[in-house]
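Input: a single structure, listed below in structure tokens.
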Ligand SMILES: *Cc1c(COP(=O)(O)O)cnc(C)c1O
């Protein structure tokens with residue numbers, strides 16, 4: 015997909031950097047660092063060492079044989095990002111960006127978090143590098159995610175409660191940018207998904223692309239050919255673009271599984287690719303969920319990591335071009351997949367990843383046994399067990 019529509023962080027009509035001038039020099043500095051470090055052997059070797067010795071890469075590509083047999087259709091392979099340290103793909107990005115901060119001489123790290131997963135990943139790498147860490151989190155989210163707040167504190171981070179707006183993720187991002195304007199000299203903003211102003215989406219893709227590179231090599235070894243389909247769940251889009259990147263120029267079908275929440279006919283979902291319209295949020299253009307007044311819509315999903323009204327500009331572009339397709343998976347369907355993978359494979363998936371698993375299962379049913387589907391299992395479900403228990407099994 016090397017075409018003229020993708021250049022300098024602009025993907026067709028999406029992407030860009032829509033922040034005021036105060037951020038220009040900061041974003042330029044990061045972009046220059048990115049361009050320099052991509053070619054720096056020392057940096058690349060250091061990143062590889064952390065991949066291997068800290069995150070636990072490479073992660074396995076696992077043939078889900080019992081699940082496949084149960085369904086009786088296409089073969090389902092799982093890329094086991096749930097086996098990364100801290101339980102999800104998020105650390106791939108956090109480790110990469112904190113190395114940037116180190117090479118840039120920044121001493122203070124800030125980040126936003128919704129459910130707390132990115133906050134925990136950021137606090138983890140700050141502990142690892144001995145850097146001071148401030149996490150912005152909406153007051154509402156703090157109440158809902160007590161244990162993750164505690165984890166961050168345990169790891170040495172300061173958690174700042176954001177009391178503006180709806181007191182959730184969007185407000186936390188705004189607060190982090192506000193902090194940045196006051197501390198441009200010594201602070202690095204460690205952004206959690208393939209979103210935000212250029213060059214962040216490219217940087218996050220770069221650090222998550224290890225998923226696709228490994229998976230491609232692994233499936234070629236196991237099957238002697240590329241998969242027919244690759245599937246990933248999409249919140250901001252980092253695990254998805256990390257996997258998809260390796261297959262964009264290949265004859266492979268690419269499917270993004272979005273959170274359908276309580277159904278597309280309700281307003282309680284976050285199916286940005288299905289129902290979003292071009293708009294600007296947090297300094298970039300993407301497919302965006304808006305309400306009747308044209309304001310950013312309130313979104314909902316049982317899986318906190320998918321609950322965001324915007325999405326990666328590159329994924330927005332790929333969807334509009336027809337290079338990828340999207341499916342909307344409801345809470346109920348994700349819960350079904352959560353149960354199936356636990357029962358048939360002994361793997362409890364994150365609720366986010368369960369959306370991708372359901373999409374794959376549904377697809378596998380309709381396909382011939384010779385076909386191959388590769389699913390990104392973005393994270394493990396230990397963090398979600400309590401929610402699922404309370405919702406479904408409390409009275410059993
Ligand atoms: C955060 C998270 C996601 C969603 O984020 P993306 O940037 O869309 O990948 C998906 N799965 C898990 C396990 C997560 O923690």
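In our numbering, the protein residues as written are 15 to 410.
All C-beta atoms, glycine included, are put in the ideal place defined by N, C-alpha and C.
**Prompt:** Comparing the CB of residue 104 with every heavy atom of ligand 1, is any distance shorter than 8 Å?
**Reply:** Yes; taking the cut-off as 8 Å, the Cβ of residue 104 has a heavy atom of ligand 1 nearer than that.
**Residue span of the beta strand (DSSP E) that contains residue 146, given as start and end** = 146-152
**Item:** Inter-residue Cα distance where the pair is residue 91 and residue 317
**Value:** 22 Å
**Prompt:** Taking 9 Å as the CB-CB cut-off, is residue 311 touching chain B?
**Reply:** This model lacks chain B altogether; it includes just one protein chain.
**Request:** Please list, in chain order, all residues of the same chain as residue 410 whose beta carbon is under 6 Å from its beta carbon, the five residues on each side excluded.
**Result:** Confidence at residue 410 is low in this model, with a pLDDT of 41, below 50, so its placement is unreliable and the value that follows should be read with caution. Hits under 6 Å: none found.
**Prompt:** CB residue 314 to CB residue 321, shorter than 9 Å?
**Reply:** Yes, they are a contact pair.
**Prompt:** Given a threshold of 16 other Cβ atoms within 10 Å of its Cβ, counted over all protein chains shown, does residue 97 qualify as buried or as exposed?
**Reply:** buried
**Message:** Using only the alpha-carbon positions, how far apart do residue 423 and residue 176 sit?
**Reply:** One cannot answer for residue 423 here, as it falls past the ends of the chain, which runs 15 to 410.
**Asked** So residue 275 is in the alpha helix (DSSP H); what residue range does that whole segment cover?
**Response** Residue 275 -> not in any alpha helix (DSSP H); beta strand (DSSP E) instead, spanning 267-275.
**Prompt:** Applying the criterion that 16 or more other CB atoms from any shown protein chain within 10 Å of the CB defines a buried residue, is residue 172 buried or exposed?
**Reply:** exposed
**Asked** Are the beta-carbon atoms of residue 203 and residue 254 separated by less than 9 Å?
**Response** no
**Message:** Taking the straight line between their C-alpha atoms, what separation do you get for residue 243 and residue 110?
**Reply:** 28 Å
**Prompt:** Using a Cβ-Cβ cut-off of 7 Å (strictly less than) and excluding sequence neighbours within five positions of residue 373, which residues of its own chain qualify?
**Reply:** Only 245, 269, 271, 341 and 343 meet the Cβ criterion.
**Request:** With distances taken Cα to Cα, identify the nearest neighbour of residue 211 among 393, 404, 18 and 34.
**Result:** Of the listed residues, the one whose Cα sits closest to residue 211 is 34.
**Prompt:** Out of 392, 406, 20 and 19, which has the shortest C-alpha to C-alpha gap to residue 100?
**Reply:** In this structure, 392 is the residue among 392, 406, 20 and 19 with its C-alpha nearest to the C-alpha of residue 100.
**Prompt:** To the nearest angstrom, how far is it from the Cα of residue 174 to the Cα of residue 128?
**Reply:** 12 Å
**Request:** Please indicate yes or no: does the CB of residue 247 lie closer than 8 Å to some heavy atom of ligand 1?
**Result:** yes
**Prompt:** Taking the Cβ atom as the reference point for each residue, do residue 201 and residue 117 lie within a distance shorter than 9 Å?
**Reply:** no
**Request:** Provide the residue(s) that pair with residue 202 in DSSP beta bridges, ordered along the chain.
**Result:** Partner(s): 123.
**Message:** On a Cα-Cα basis, can you pick out the residue from 66, 310, 326 and 81 that is closest to residue 360?
**Reply:** 81
**Item:** Between the CA atoms of residue 51 and residue 354 - distance to the nearest angstrom
**Value:** 43 Å
**Message:** One question on the structure: do residue 390 and residue 225 come within less than 9 Å of each other, judged by their Cβ atoms?
**Reply:** yes
**Request:** Quick one: using the 10 Å Cβ neighbour count with 16 as the cut-off for buried, is residue 162 buried or exposed?
**Result:** By the 10 Å Cβ count, residue 162 comes out buried.
**Message:** Quick check on DSSP: helix, strand or coil for residue 390?
**Reply:** strand
**Prompt:** Any heavy atom of ligand 3 within a distance shorter than 8 Å of the CB on residue 274?
**Reply:** The model depicted lacks ligand 3 and carries ligand 1 instead.
**Collapsed DSSP secondary structure at residue 75 in the structure displayed** = Correct three-state label for residue 75: strand.
**Asked** What are the partner residues of residue 29, as DSSP defines its beta bridges?
**Response** 24 and 299
**Asked** How about residue 206 and residue 252: are their beta carbons less than 9 Å apart?
**Response** Contact: yes.
**Prompt:** Under a three-way DSSP split, which group does residue 219 fall into?
**Reply:** helix
**Request:** Out of 55, 404 and 301, point me to the one whose CA is closest to residue 334's CA.
**Result:** The candidate whose alpha carbon is nearest that of residue 334 is 301.
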